[in-house]
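Trainee: Start counting the sequence shown at 1; every next residue gets the next number (UniProt numbering). Have a look at this one.
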Amino acid sequence: MTRLKNKVAIITGGSGGIGKVTARRFLEEGASVVLVDLKQADLDTAAEELKDLGDVLTVAADVSQEADVASYVSKAMERFGRIDVFFNNAGIEGKVAPITDQKIEDFDQVLAVNVRGLFLGLQQVLKVMQQQGSGSVINMSSVAGLMGSPGVSPYVASKHAVVGVTKSAALEMGPFGVRVNSVHPSPINTRMMRSLEEGFQPGHGEEAKAALEKDIPLGHYGESIDVANLVLFLASDESTFISGAQYRVDGGMGAH
Ligand code: NAD
1 MTRLKNKVAI ITGGSGGIGK VTARRFLEEG ASVVLVDLKQ ADLDTAAEEL
51 KDLGDVLTVA ADVSQEADVA SYVSKAMERF GRIDVFFNNA GIEGKVAPIT
101 DQKIEDFDQV LAVNVRGLFL GLQQVLKVMQ QQGSGSVINM SSVAGLMGSP
151 GVSPYVASKH AVVGVTKSAA LEMGPFGVRV NSVHPSPINT RMMRSLEEGF
201 QPGHGEEAKA ALEKDIPLGH YGESIDVANL VLFLASDEST FISGAQYRVD
251 GGMGAH
């Protein structure tokens, strides 16, 4: 298992559903991993679960705060001296409501984490990768970054923004040997979907789930491992000619 041998990977949202499973896959393939998330207690739990697989550094940070981003980048550099892979994954779902009922403070919060946080991470990590002359960035978008989704317009706006930033970053970074791609999952079985199901149909999450699954040709949600395996491919040297691309992992949902 050596697809990421000797590589150093930062994963934001690293104690969440998709982040932690991806960390496990990266470690299994030989990477050292830096997990970034809001709460040290959650990071400690994740690190304890993963510790037998390899080298794990945890940094508590809010990705929307520039000083926190500087802190996770500098701690990664102090410990490992390089950053080969950046899985820019932290995100929040926001509130479920039609546009006319969305609170602008909630809109701002979703954009602050999903766009500003992702952008701040890019600003600081790309400087390191540019100097190294190598690196692979995987930005977390969503099928909601490629199509509309009623009720979650701030989230949709934020995930569409990720596509534009990814393309621009890929164009700027190509000459330095740095690749930047985005991934676009459909509903995946994590805490985030439980929260959204409750938002769509309060008290009837199972029914909301069944309705969402009708839009997925394969008939069911994905699992975090489905996303992790795609991210692993984009992180590894198996994808060295791929940049500026949008990859769906969505059971066919985006084919509508
Ligand atoms: P999750 O809630 O389990 O994980 C998200 C993680 O991000 C959490 O651990 C959370 O603490 C962290 N986070 C939130 N705000 C942060 C901040 N300001 N600073 C640092 N960390 C922060 O959900 P998940 O499903 O694992 O989501 C991971 C990513 O995948 C998100 O960007 C999400 O939008 C995206 N995504 C999820 C789905 C899905 O259906 N679950 C589908 C498409 C895209």
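For glycine and all other residues, C-beta sits at the position ideal for the given N, C-alpha and C.
To the nearest angstrom, report how far apart Gly199 and Val96 are at their CA atoms.
Mentor: Against the sequence shown, residue 199 aligns to sequence position 199. Against the sequence shown, residue 96 aligns to sequence position 96. A straight line joining the alpha-carbon of Gly199 with that of Val96 spans about 5 angstroms.
Trainee: Rounded to whole angstroms, how far is the Cβ of Glu93 from the Cβ of Ser182, which I believe are closer than 8 angstroms?
Mentor: Translated into positions along the sequence shown, residue 93 becomes position 93. Translated into positions along the sequence shown, residue 182 becomes position 182. Between the beta-carbon of Glu93 and that of Ser182 there is about 18 angstroms, and that puts the pair past the 8 angstroms contact cut.
Trainee: Return yes when the Cβ of Lys39 is within less than 9 angstroms of the Cβ of Ala67, no when it is not.
Mentor: As a first step, residue 67 is located in the sequence shown; it is residue number 67 there, counting from the start. As a first step, residue 39 is located in the sequence shown; it is residue number 39 there, counting from the start. No, Cβ-Cβ distance for Ala67 and Lys39 is not below 9 angstroms.
Trainee: Return yes when at least one heavy atom of the ligand NAD lies under 8 angstroms from the C-beta of Tyr247, else no.
Mentor: Here residue 247 is taken as the residue at index 247 of the sequence shown, counted from 1. It does not: the Cβ of Tyr247 is nowhere closer than 8 angstroms to a heavy atom of the ligand NAD.
Trainee: On the DSSP bridge assignment, give the partners of His220 in chain order.
Mentor: Locating residue 220 in the sequence shown gives position 220, counting from the first residue. Answer is none; His220 lacks a bridge partner.
Trainee: For Arg79, count the other beta carbons within 10 Å of its own beta carbon; 16 or more makes it buried, fewer makes it exposed. Which is it?
Mentor: Your numbering for residue 79 matches position 79 in the sequence shown. Arg79 sits exposed, since fewer than 16 C-beta atoms from the chains shown fall within 10 Å of its C-beta.
Trainee: Which residues in the same chain as Val36 place their Cβ atom closer than 6 angstroms to its Cβ, once the five residues preceding and following it in sequence are excluded?
Mentor: As a first step, residue 36 must be located in the sequence shown, where it is residue number 36. Taken in chain order, the residues that qualify are Thr12, Gly14, Val59, Ala61 and Tyr72.
Trainee: Hey, is Asn114 close to the ligand NAD, as in C-beta under 8 angstroms from one of its heavy atoms?
Mentor: As a first step, residue 114 must be located in the sequence shown, where it is residue number 114. Flag set: Cβ of Asn114 near the ligand NAD.
Trainee: Does DSSP put His184 in a helix, a strand or coil?
Mentor: One-based indexing of the sequence shown puts residue 184 at position 184. In the structure shown, His184 sits in a strand (DSSP, three-state: E or B).
Trainee: Are the CB atoms of Met173 and Met140 nearer to each other than 9 angstroms?
Mentor: Taking the first residue of the sequence shown as position 1, residue 173 is located at position 173. Taking the first residue of the sequence shown as position 1, residue 140 is located at position 140. Result no, Cβ atoms of Met173 and Met140 do not sit closer than 9 angstroms.
Trainee: Check for me: the alpha helix (DSSP H) holding Gln246 runs from which residue to which?
Mentor: Translated into positions along the sequence shown, residue 246 becomes position 246. Element bounds for Gln246: not the alpha helix (DSSP H) but the beta strand (DSSP E), Gln246 to Val249.
Trainee: Would you check if the distance between the CB atom of Val125 and the CB atom of Ile83 is smaller than 9 angstroms?
Mentor: Stepping through the sequence shown from its first residue, residue 125 is reached at position 125. Stepping through the sequence shown from its first residue, residue 83 is reached at position 83. Contact flag set, yes.
Trainee: Between the beta-carbon of Val249 and the beta-carbon of Asp215, is there less than 9 angstroms?
Mentor: Reading the sequence shown from its first residue, position 249 is the one you call residue 249. Reading the sequence shown from its first residue, position 215 is the one you call residue 215. It is not a contact, given that the beta carbons lie outside the stated cut-off.
Trainee: How big is the Cα-Cα spacing for Pro185 and Val163?
Mentor: Residue mapping note: residue 185 aligns to position 185 of the sequence shown, counting from 1. Residue mapping note: residue 163 aligns to position 163 of the sequence shown, counting from 1. Approximately 13 angstroms, taken between the alpha carbons.
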